[in-house]
Amino acid sequence: GAVRPRLAFLGCGYLGTTYAVCFAELGYDVVGMDVNAEKVAKLAAGDLPIHEPGLEALLRRNLDSGRLRFTTSYEDIAEFADVHFICVGTPQRPDSDAADLSQVETCVTDLAPHLRRKALILGKSTVPVGTAEWVETLVQRHAPPEAGVEVAWSPEFLQEGFAVEDVLRPNRVVFGVKSDWARDMLYAVHKGVFELAAVEDREVPVVVGDFATAELVKVAANAFLATKISFINAMADLCEATGGDVTLLARAIGYDDRIGPKFLRAGVGFGGGCLPKDIRAFVARAEELGVGDSLRFLHEVDRVNARRRTKVVQMVAEMCGRTSGPNGPDLSGLRVAILGVTFKANSDDVRDSPALSVARKLMRAGAVVTAYDPEGMIPAKNVVPDAAYAKSVNEALAGADLVCVLTAWEEFRHADPAALAELVSHRRIIDGTNSVDPTLWTGAGWTYRGMGRPSI
Ligand code: UDX
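The UniProt record's numbering puts the first residue of the sequence shown at 19, with every later residue one more than the last.
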């Protein structure tokens, strides 16, 4: 196989842009391709349309070095690249829980006719199991047969906020292949990753398998993570019913290295562009395959997660002495300050954000919501335009009857509860993230409630 294959990334969204930039950084000649000319122009000018620590500096450096460029042309990438990474979106369909594969279909069928030499089409997007086989049939139908184009699948495991590290220093790579040529090509594609690891005296484990396994690895990992979060949130309910403290419980079970300490933070539950949609699509696919019973528990994982959001609304009502009617609590006129609108800290992403879901529910119950977030204000305004938005923590808290911390930003952990106490109407705080220090806040005269912790 080629020593340094030339790489194209189809789809310059979060995934494609991060991969394109990082592989240029690893020394490959890279082109990012997107049908959106405006996006391509921005990227080519060194402007990153997403928030990801460290990525913009790498984008500019690699544009300058000449290893990275962007295009809107399928002809261009077909001519240029040995490997075509499919990085387009696979959103949830509006009419069901299944994934919408139309972008995958479009990019493969539009690229394939232009392929004049042997190349690898490499799937990265998160897809229902069986997609790689289907992509192979699309390639057979649309690519010139003499080119001998092959397909492979290699899932990604990026976490927002750590995406650069996750590409440069993955904790494993997974190759789903059908031929030795494709396997060798995937090793060549990852040579830069292996070399960096060797320099740093690390190893990157490689798992080589078939298409189905490679596709399943990704959704299985996400399903496991979602299950872990809903598990600890279910334990939070048990703690609340009994006076226990779920943060201590998590620490104690986490010392068992079969369980591990990570992903055991109880709170408002998981959100974001991946976990919620991926587990729903996984269940939908299992049903199609006739093994729906095996993933029935993921419905429950989703329901536990959804209840976290209504739970915050109930807590607000309880703390403010509001009664519940048949349609839930009446919060009319209550002024609630929401700190954090993104689905997690260190991100500007508000997709399926638990915080915004809580904001909507509070407003539906009659509350007047003012929100502040260090990074997520602009996207939040688009999704929940009827909330008020403040420019600072102080401005959000002015006159509030209650404060809800719903994203675990550092800034909120370091806020001074004594100074903030002067701004509010009532000193009540709900920490939906269990990230602020309860003793600090109660010490400054606040009534505090966390998630799955005794109230003090
Ligand atoms: C996730 C997976 O981690 C990643 O491997 C996959 O590729 C994409 O989906 P991401 O969506 O960036 O990544 O967020 P992550 O950091 O995993 O958090 C997901 C959600 O779970 C967030 O809403 C977060 O606040 C929540 N969470 C996480 C908890 O509620 N408790 C925890 O202990 C951990």
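Each residue gets a CB set at the ideal place from its N, CA and C atoms; glycine is no exception.
| said: Below 8 Å on the Cβ atoms is my contact criterion, and I expect VAL157 with VAL169 to pass it. Report the Cβ-Cβ distance as a whole number of Å. | reply: Yes, VAL157 and VAL169 are in contact; Cβ-Cβ is about 6 Å, under 8 Å.
| Between which two residues does the alpha helix (DSSP H) containing residue 525 stretch? | Outside the shown range of the chain (19 to 474) lies residue 525, about which nothing can therefore be said.
| request: Report yes if the C-beta distance between ALA383 and PRO347 is below 7 Å; otherwise report no. | output: Cβ distance < 7 Å, so ALA383 and PRO347 count as in contact.
| query | Rounded C-beta distance between CYS105 and GLY194? I'm assuming under 8 Å. | reply | About 16 Å separates the Cβ atoms of CYS105 and GLY194, ruling out a contact at the 8 Å cut-off.
| field | Continuous beta strand (DSSP E) stretch holding ALA170: start and end | value | First-last of the beta strand (DSSP E) with ALA170: 168-171.
| query | Of all residues in the structure, which have a C-beta closer than 6 Å to any heavy atom of the ligand UDX, taken in chain order? | reply | Counting every residue whose Cβ lies closer than 6 Å to a heavy atom of the ligand UDX, we get PHE175, LEU176, GLN177, GLU178, ASN240, LEU243, ILE247, PHE281, LEU282, ARG283, GLY285, GLY287, PHE288, GLY289, GLY290, CYS292, LEU293, PHE361 and LYS362.
| message | Quick check: the Cα distance between LEU313 and ARG378, rounded to an integer number of angstroms? | response | Distance between the alpha carbons of LEU313 and ARG378 is about 30 Å.
| query | Going by DSSP, what residues sit across from GLN158 in a beta bridge? | reply | None, per the DSSP bridge assignment.
| What number of angstroms, rounded off, separates the C-alpha of ARG369 from the C-alpha of PRO294? | Rounded to the nearest angstrom, the two C-alpha atoms are 10 Å apart.
| query | Using a Cβ-Cβ cut-off of 6 Å (strictly less than) and excluding sequence neighbours within five positions of LYS329, which residues of its own chain qualify? | reply | No residues qualify anywhere along the chain.
| query | Contact between the region 279-297 and the region 448-462: three or more CB pairs below 8 Å? | reply | Between the region 279-297 and the region 448-462, the count of C-beta pairs closer than 8 Å reaches three or more; the two stretches touch.
| message | Quick check on the burial criterion: 16 or more other C-beta atoms within 10 angstroms. Buried or exposed for VAL237? | response | The residue in question, VAL237, is buried, as its Cβ has 16 or more Cβ neighbours within 10 Å.
| So, ALA130 versus ALA161, is the Cβ gap smaller than 7 Å? | In contact: ALA130 and ALA161 (Cβ atoms closer than 7 Å).
| said: Let me confirm a value: THR155 is counted as buried when at least 16 other C-beta atoms fall within 10 Å, else exposed. Which label applies? | reply: Under this definition THR155 is an exposed residue.
| task | Could you check if GLY50 is buried or exposed, using at least 16 other CB atoms within 10 Å of its CB as the buried criterion? | result | GLY50 is buried by the Cβ-count criterion.
| 7 Å CB neighbourhood of LEU316 in its chain, flanking five on each side removed | These residues qualify, in order along the chain: ALA241, ILE297, PHE300 and VAL301.
| Which residues DSSP lists as bridging GLY227, in chain order | Answer is GLY194.
| query | Can you tell me the Cα-Cα spacing of ASN54 and THR89, whole angstroms? | reply | Using only the alpha carbons, I get a separation of about 9 Å.
| said: Counting only beta-carbon separations shorter than 7 Å, does CYS257 have a partner in chain D? | reply: The chain inventory of the structure shown lacks chain D, comprising one protein chain alone.
| query | With distances taken from CA atoms, which of ARG303, PRO223 and PRO188 is nearest GLU233? | reply | Checking every option, the nearest Cα to that of GLU233 belongs to ARG303.
| message | Ignoring anything shorter than 4 residues, give me the alpha helix (DSSP H) runs that lie fully in the region 30-110, in order along the chain. | response | Entirely contained in the region 30-110, the alpha helix (DSSP H) runs reaching 4 residues are, in chain order, 32-43, 55-62, 73-83 and 92-98.
| field | Nearest residue (CA-CA) to PHE103, options ALA355, ASP434 and LEU33 | value | Closest by alpha carbon: LEU33.
| field | Status (buried if at least 16 other CB within 10 Å, exposed otherwise) for residue 485 | value | No information on residue 485 is available, as it lies outside the stretch 19 to 474 that the chain covers here.
| field | Close Cβ partners of VAL309 (< 6 Å) along its chain, the five nearest in sequence each way excluded | value | Annotation for VAL309: no residue places its beta carbon closer than 6 Å to its own, counting only its chain and skipping 5 residues before and after.
| On the premise that GLY64 lies in contact with LEU44, defined as a C-beta separation below 8 Å, what is that separation, rounded to the nearest angstrom? | Here LEU44 is actually not in contact with GLY64; their C-beta atoms are around 19 Å apart, not less than 8 Å.
| query | Going along the chain, which residues of its own chain have a beta-carbon closer than 7 Å to the beta-carbon of GLU231, five neighbours each way excluded? | reply | Sequence inspection shows Thr at residue 231; the Glu mentioned does not correspond to that position. GLY194, listed in sequence order.
| task | Taking ASP404 and GLY358 to be in contact with their CB atoms under 8 Å, please state how far apart those CB atoms are, rounded to whole angstroms. | result | Their Cβ separation, rounded to whole angstroms, is 18 Å, which puts ASP404 and GLY358 out of contact at 8 Å.
| query | Should ALA200 and MET469 be called a contact, given that it needs their Cβ atoms to be closer than 7 Å? | reply | No, Cβ-Cβ distance for ALA200 and MET469 is not below 7 Å.
| request: Could you pull out every residue in the same chain whose Cβ sits closer than 7 Å to the Cβ of GLY272, ignoring the five residues on either side in sequence? | output: Result list for GLY272: GLY278, PRO279 and LEU282, in chain order.
| With C-beta atoms as the reference, is CYS125 less than 7 Å away from LEU28? | With contacts defined as CB atoms closer than 7 Å, CYS125 and LEU28 qualify as a contacting pair.
| task | Please report how far the alpha carbon of PRO456 lies from the alpha carbon of ARG445, in whole angstroms. | result | Linking PRO456 to ARG445 through their CA atoms gives a straight-line distance of about 13 Å.
| task | Go through the region 396-444 residue by residue and report every complete run of the alpha helix (DSSP H) that reaches 4 residues or more, in order. | result | Every unbroken stretch of the alpha helix (DSSP H) spanning 4 or more residues and falling wholly within the region 396-444 is given here in chain order: 411-415, 428-431 and 435-439.
| query | Closest by CA to SER91, which one among SER83, VAL101, ALA75 and HIS132? | reply | Distances from the alpha-carbon of SER91 to those of SER83, VAL101, ALA75 and HIS132 put HIS132 closest.
| Contact set for ARG471: own chain, Cβ-Cβ below 6 Å, skip 5 residues either direction | Only ASP263 meet the Cβ criterion.
| request: Round the Cβ separation of ILE356 and ALA389 to the nearest angstrom and send it over; I've been treating them as touching at under 8 Å. | output: At roughly 4 Å, the Cβ-Cβ gap stays under 8 Å, so ILE356 and ALA389 are in contact.
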